[in-house]
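Following: one structure in structure tokens, then a few remarks.
In the numbering used here, the protein residues as written are 18 to 554.
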């Protein structure tokens, strides 16, 4: 085992040197890909050599770290890990965030809608142009392009001479306390950052809280899991865009996972506590208000949380009422919001959207016929490797003009979804409280995924509708596996090796694919200098 890096690095190096003879590269010269392969091989080989040379020192260091962790209180160690990863993620998100220099080119939908709310209106302050209003059918994309009428914020809803938005109003509602002057400086990428970091905190708190109760689950593995929660695609890549689309999805997931956190805590309690039910339901009401497509997942989560209450005495009606009232109030408010704008409680504005599709005529938004292609693209769409930093990029999917790659390549950690599925099928009677939590997150992830896979439009950001729930279910399952196999070291070692390898790829992909232009320039200069120093350039 101690020679694995030497062997692996040596094999890659030899593959690069003899690429032509092995049939890997038909070109006898040293192209970019072949040079990159040689560099990777040499780095791995040198890393293995250093491990071998300093093996004794590393073993001593490992013993010291292990003794330190054993001597420290486990809860304190977990708290330190959580705080460190949280600070690291905050800095990382700020680095990955969209370049602010293009702010004047992008319309800020939510702050503008908040201004409309403050004025007593449900529409945006901007007025449609006379040319747009004079069109016989302003929703006809081809006709608008033919008449060269594109003077409106993209994807807005046009109805009876006013601009609305089809995205949920929750973020704008939360901005109501701020003045118009303050709102003028609030952009959608600010909301994206706040909700993205809030989502990370809720996922991290959920996993950490549940992990603490599993005494055989190692603290160092928790650190790895928190990094996966924070730096996985599409979380990182969405920060690089940071527009209204991302703000709406992050807001939705922030409130949904927040609700699931309080539901999880209530499921772990010996007896139901009404205020936890109320907090869960309030979060879910805001999640639906941000993005109504989360409704099936909320239904699953709420059912799992409330199911025990349906088979108990009247003394437990308080938690049930506490859960129902916020959801009813949120549903009524959203229904009124739609009716006041479009005269229908079921119309969210998509039908009157000014986009690349005329939704007044297009009726095929959802269908089983999309599943096969969606599965292929979302999981197997290729990734493009290149010789220069960041070494890889996503490939455009022409049908939606969106750049994406298959999750099996850029977020391979999701293959561990088999762990919660296996546990729920074959070990349902073990750890009853934890299995209820797993049912909630796994069920929510699956129903959200089905919803996305039956939608006609493909874009990577939609996968955030099910990935946070998926990652939490995987993390909790891993903790339970450590608990189940605590007496068999070879099993826990195998689990640790597999999870660490997948996590390394997952986090690396998440950072490289989202690397901003400033970071790319820095890394290119660094790698060029390092190559010259090593004599490789």
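Heads up, the beta-carbon is just placed ideally off N, CA and C, and yes, glycines get one too.
Give the range of the alpha helix (DSSP H) segment to which residue i is assigned.
i: residue 374; result: Segment: none, residue 374 is in no alpha helix (DSSP H) and carries neither H nor E.
i: residue 500; result: 484–501
i: residue 263; result: 261–285
i: residue 510; result: 506–531
i: residue 180; result: Here residue 180 belongs to no alpha helix (DSSP H); instead the beta strand (DSSP E) covers 179–181.
i: residue 173; result: Run containing residue 173: none; DSSP gives neither H nor E here.
i: residue 111; result: 91–113
i: residue 135; result: 126–135
i: residue 212; result: 205–229
i: residue 343; result: 334–359
i: residue 312; result: 312–323
i: residue 161; result: 158–163
i: residue 305; result: 291–307
Measuring CA to CA, which of the options is closest to residue i?
i: residue 62; options: 462, 264, 31, 378; result: 31
i: residue 364; options: 176, 169, 130; result: 176
i: residue 484; options: 497, 469, 498; result: 469
i: residue 454; options: 439, 174, 493; result: 493
i: residue 168; options: 92, 238, 367, 371; result: 371
i: residue 150; options: 179, 172, 162, 137; result: 179
i: residue 523; options: 154, 234, 251, 362; result: 251
i: residue 390; options: 379, 374, 416, 408; result: 416
i: residue 402; options: 24, 22, 36, 52; result: 52
i: residue 174; options: 155, 294, 456; result: 155
i: residue 238; options: 501, 528, 496; result: 496
i: residue 272; options: 253, 157, 298; result: 298
Would you mind reading off the limits of the beta strand (DSSP E) that contains residue i?
i: residue 393; result: No beta strand (DSSP E) holds residue 393; the alpha helix (DSSP H) holding it covers 388–397.
i: residue 413; result: 409–414
i: residue 402; result: 400–402
i: residue 421; result: 419–421
Distance, Cα to Cα, residue i vs residue j?
i: residue 464; j: residue 204; result: 32 angstroms
i: residue 556; j: residue 310; result: There is no way to answer for residue 556, as the model of the chain reaches only from 18 to 554.
i: residue 572; j: residue 276; result: Given that the chain is displayed from residue 18 to residue 554, the structure contains no residue 572 and the question cannot be resolved.
i: residue 256; j: residue 334; result: 42 angstroms
i: residue 539; j: residue 240; result: No answer about residue 539 holds up, because its pLDDT of 44 lies below 50 and its placement is not dependable.
i: residue 101; j: residue 244; result: 10 angstroms
i: residue 543; j: residue 278; result: Confidence is the limiting factor: at residue 543 the pLDDT is only 43, short of 50, which leaves the residue's position unreliable, though a coordinate-based value still follows. Cα-Cα distance, rounded: 42 angstroms.
i: residue 506; j: residue 77; result: 21 angstroms
i: residue 411; j: residue 346; result: 42 angstroms
i: residue 446; j: residue 93; result: 31 angstroms
i: residue 98; j: residue 437; result: 24 angstroms
i: residue 146; j: residue 354; result: 25 angstroms
i: residue 318; j: residue 280; result: 8 angstroms
i: residue 249; j: residue 216; result: 13 angstroms
i: residue 314; j: residue 304; result: 10 angstroms
i: residue 126; j: residue 261; result: 6 angstroms
i: residue 172; j: residue 377; result: 14 angstroms
i: residue 546; j: residue 224; result: A caution first: residue 546 carries a pLDDT of 46, below 50, which makes its placement in the model too unreliable to give a value.
i: residue 64; j: residue 395; result: 34 angstroms
i: residue 186; j: residue 479; result: 19 angstroms
i: residue 264; j: residue 33; result: 44 angstroms
Relative to the ligand SAM, is the shortest distance from any of its heavy atoms to the C-beta of residue i smaller than 6 angstroms?
i: residue 67; result: This structure simply doesn't include the ligand SAM, nor any ligand for that matter.
Compute the beta-carbon to beta-carbon distance between residue i and residue j, rounded to the nearest angstrom, for a pair I have assumed lies under 8 angstroms.
i: residue 488; j: residue 246; result: 6 angstroms
i: residue 113; j: residue 533; result: 6 angstroms
i: residue 491; j: residue 424; result: With a Cβ gap of about 13 angstroms, residue 491 and residue 424 do not count as contacting.
i: residue 476; j: residue 421; result: 7 angstroms
i: residue 530; j: residue 431; result: Rounded, the Cβ-Cβ distance is 15 angstroms, inconsistent with contact.
i: residue 321; j: residue 457; result: 4 angstroms
**Request:** Please specify which runs of the alpha helix (DSSP H), each continuous and at least 4 residues long, are wholly inside the region 424–471, giving them in chain order.
**Result:** 424–427, 435–443, 449–470
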